[in-house]
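Enquirer: Take a look at this one; I'll ask things after.
Protein chains: 2
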Amino acid sequence: MVSAVARVADDDRARLRLWLRLLRTTRAIERELRERLATAFDTTLPRFDVMAALDRAPDGMMMGELSRFLLVSNGNVTGIVERLVSDGLVVRSHRDGDRRAAIVRLSDAGRTAFAAMAAAHARWIDELLAPIEPDAARDLSTTLATFRSQWENDA
Amino acid sequence: MVSAVARVADDDRARLRLWLRLLRTTRAIERELRERLATAFDTTLPRFDVMAALDRAPDGMMMGELSRFLLVSNGNVTGIVERLVSDGLVVRSHRDGDRRAAIVRLSDAGRTAFAAMAAAHARWIDELLAPIEPDAARDLSTTLATFRSQWENDA
DNA sequence: GGCCAATATTTTATACTTGAAACTTTTTCC
DNA sequence: GGAAAAAGTTTCAAGTATAAAATATTGGCC
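Protein sequence lines, in the order shown, are assigned to chains A and B. With the working numbering as the guide, the letters of the first sequence map in order to residues 266 to 420. With the working numbering as the guide, the letters of the second sequence map in order to residues 266 to 420.
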């Protein structure tokens, strides 16, 4: 049995410890994914992220929408999309009657290329997170989903 | 009751869903921390990370040690430490009798500055993760810690 | 003593990232 | 209809990030 005093002291640091572990775990996995994407598909994590977002949106997304969805800055998306366009994986056009808004979507080549990457990516994640049993994964997901929804309400 | 078929299909995606949530949650928190560090202390997350690592090592750390601990590349640490040195927060020296190895540690000014940042940082984390109860935080921590140790063994 | 592999770090080229300023186009409102 | 605000994006400067090549130093080994 843990003393009440010890419990309180531990409460004070439980969230900080969790945060540090979240950060390190995420970084370790990202590191591994980055390396695999580079060797297997000669691409990068940000490029994959953009393509993944666009794959979910067959009608395309606006630049700002992409930026908000990926939680990265506006100008950042510009650069990544630029390189994807020059590689022929992404197409840019304009929204009807609004020459401000740019609509980006995957090209056919982009969609094909992404399909292969997504399949490999899913396998990799399943392999890398193998030490976490499906039940534990579901529990953790639920905790994080709840957290996120509370977060959204505050912001 | 969930059917066996549904359960198996869900198992296939449980880890991938968990990963996507981990990534988004971590990014959202990092984003908020970055902003607060900038406004409150005119510093950045990477600088904070380096200083936090050095604060835990009163005798200093080698560059490579720092790089491995923070899970970032070797050359990356060079740049961040360079800027911290030019701001007088970090001191570089050499290990006795080995002019290859560079030892970096916090200066007195660095230690004082970091103390203030660390206190604010701990408060922020506690505030941002408030929706997660201490018990849930401990559970999650444990899952992640177990995962990490399995990970280490594989690598 | 001198070569050579191993160790530790920096440099380089390229890409990613941010916040803020600048730019273009649209909408609002008088 | 025209000024001004708003919306959407890009540009910019600085900092962060990587992998790979280059540099410098040490230790072993003949």
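Glycine included, C-beta positions come from ideal geometry on N, C-alpha and C.
1. Is Ala318 of chain B near Phe334 of chain B, with beta carbons less than 7 angstroms apart?
2. Under 7 angstroms between C-beta atoms, does Ala402 of chain A make it to chain B?
3. Which residues does DSSP pair with Ile368 of chain A in a beta bridge?
4. Could you tell me the boundaries of the alpha helix (DSSP H) in which Asp352 of chain A lies?
5. Which residues of the region 281-292 of chain A have a Cβ closer than 8 angstroms to any Cβ of chain B? Give them in chain order.
6. Tell me which residue opens and which closes the alpha helix (DSSP H) that Thr421 of chain A is part of.
7. Looking at Val369 of chain A: is its Cβ nearer than 7 angstroms to the Cβ of Arg388 of chain A?
8. How many whole angstroms separate the CB atoms of Pro399 of chain B and Asp276 of chain A, which I take to be in contact at a CB cut-off of 8 angstroms?
9. Span of the alpha helix (DSSP H) holding Asp307 of chain A?
10. Leaving out the 5 sequence neighbours to the left and right, which residues in its chain are closer than 8 angstroms to His359 of chain A when beta-carbon positions are compared?
11. Look up Asp363 of chain A in the DSSP assignment and give the residues it is bridged to.
12. Can you list the residues of chain B that Ser332 of chain A reaches, using a CB-CB cut of under 7 angstroms?
13. Does the distance from the C-beta atom of Thr291 of chain B to that of Leu287 of chain A stay below 7 angstroms?
14. If you check the beta carbons only, do Met406 of chain B and Leu283 of chain A fall under 7 angstroms apart?
15. Please report the straight-line C-alpha distance between Ala401 of chain B and Thr408 of chain A, rounded to a whole angstrom.
16. Note down, in chain order, every chain A residue with its Cβ under 7 angstroms from the Cβ of Phe412 of chain B.
17. Within the chosen definition, does the region 294-309 of chain B reach the region 379-393 of chain B through at least 3 CB pairs nearer than 8 angstroms?
18. Check each candidate in B:Gly325, B:Ile390, B:Met327 and name the one with the smallest Cα separation from Arg278 of chain A.
19. Of the residues A:Asp352, A:Ala378, A:Thr308, which one's Cα is nearest the Cα of Asp320 of chain A?
20. Is the beta carbon of Val355 of chain A closer than 7 angstroms to that of Val342 of chain A?
21. Would a check of beta-carbon distances place Asp320 of chain A closer than 7 angstroms to chain B?
22. How would you list, in chain order, the residues of chain B whose beta-carbon sits under 8 angstroms from the beta-carbon of Ser406 of chain A?
Expert: Here's the rundown:
1. yes
2. yes
3. A:Met327, A:Ser358
4. Looking at the DSSP string, Asp352 of chain A is not in any alpha helix (DSSP H), and its letter there is neither H nor E.
5. Leu281, Arg282, Leu283, Trp284, Arg286, Leu287, Leu288, Arg289, Thr290, Thr291, Arg292
6. Residue 421 of chain A lies beyond the stretch modelled for chain A, which goes from 266 to 420, so this question has no answer here.
7. no
8. 4 angstroms
9. Looking at the DSSP string, Asp307 of chain A is not in any alpha helix (DSSP H), and its letter there is neither H nor E.
10. Ala366, Ala367, Ile368
11. A:Arg360
12. Neighbours of Ser332 of chain A on chain B: none; closest Cβ ~12 angstroms, over 7 angstroms.
13. yes
14. For the record, residue 406 of chain B in the displayed sequence is Ser; it is not Met. Yes.
15. 8 angstroms
16. Thr290, Pro396, Ile397
17. yes
18. B:Ile390
19. A:Ala378
20. no
21. no
22. Ala279, Arg282, Leu283, Arg286
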